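In the UniProt record's numbering, the protein residues as written are 1 to 182. We put the beta carbon where it would ideally sit given N, CA and C, even for glycine. It should be emphasised that the depicted structure is a prediction, and the values quoted were computed from it without experimental measurement.
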């Protein structure tokens, strides 16, 4: 029998997520909705003020999301023994979401680097312009960034649906673990 876990509003517990996990989750959810909206605006409203408004922050928020997913992943690992048991399929689904949330902005960064134009996020230089394009990086990112982005949107929709429908062994809605922490 595992040792009892002290209830802490910061740390995760077997019956719910702590405040750090919940804040990271919902902050990333809001940022991902913005990213999906910006991608949709670029796809369906090209060269319009709508696209300009949403797309202007797409690359900066992509880097912020990459940083947040690394922080969130580290926090999840630090809480691994304390977290609610969601089952094998949910665990696989979460792993898939994490992998896409790492791969997509990484591909965006590779494309920016490969183009050789330099890149700044929120006005902070990340890397400087270069004289030469690296075509293989641009092609790799062009092939996968958007496809994985739309796949992440579909997987996120499935994640939301399952959060509303799924109940734990105790009969409580799983969603309350991430909304109320219990």
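Proximity to residue i [Cα-Cα], best of the options
i, options, result
"residue 153", "114, 30, 89", "30"
"residue 28", "41, 65, 48", "65"
"residue 108", "130, 86, 137", "137"
"residue 112", "59, 103, 157", "59"
"residue 96", "126, 151, 78", "151"
"residue 40", "149, 144, 172", "149"
"residue 80", "14, 164, 135, 126", "14"
"residue 71", "91, 22, 37, 38", "22"
"residue 147", "135, 127, 103, 125", "103"
"residue 163", "128, 91, 45", "91"
"residue 144", "12, 45, 134, 106", "106"
"residue 128", "44, 114, 135", "114"
"residue 12", "157, 165, 121, 78", "78"
Identified DSSP bridge partners for residue i
i, result
"residue 124", "121"
"residue 91", "Beta-bridge pairing links residue 91 to no other residue."
"residue 16", "13"
"residue 167", "173"
Beta-carbon spacing of residue i, residue j below 8 Å
i, j, result
"residue 61", "residue 26", "no"
"residue 180", "residue 174", "no"
"residue 116", "residue 132", "yes"
"residue 16", "residue 177", "yes"
"residue 159", "residue 73", "no"
"residue 155", "residue 100", "yes"
"residue 141", "residue 110", "yes"
message: Within 8 Å, do at least three Cβ pairs link the stretch 83–99 to the stretch 48–56?
response: no
message: If contact is defined by three or more beta carbon pairs under 8 Å, each pair taking one atom from either stretch, is the stretch 44–52 in contact with the stretch 64–78?
response: Cβ pair count under 8 Å is below three, so no.
field: beta strand (DSSP E) segments (min. 3 residues) lying fully within the stretch 34–92
entry: none
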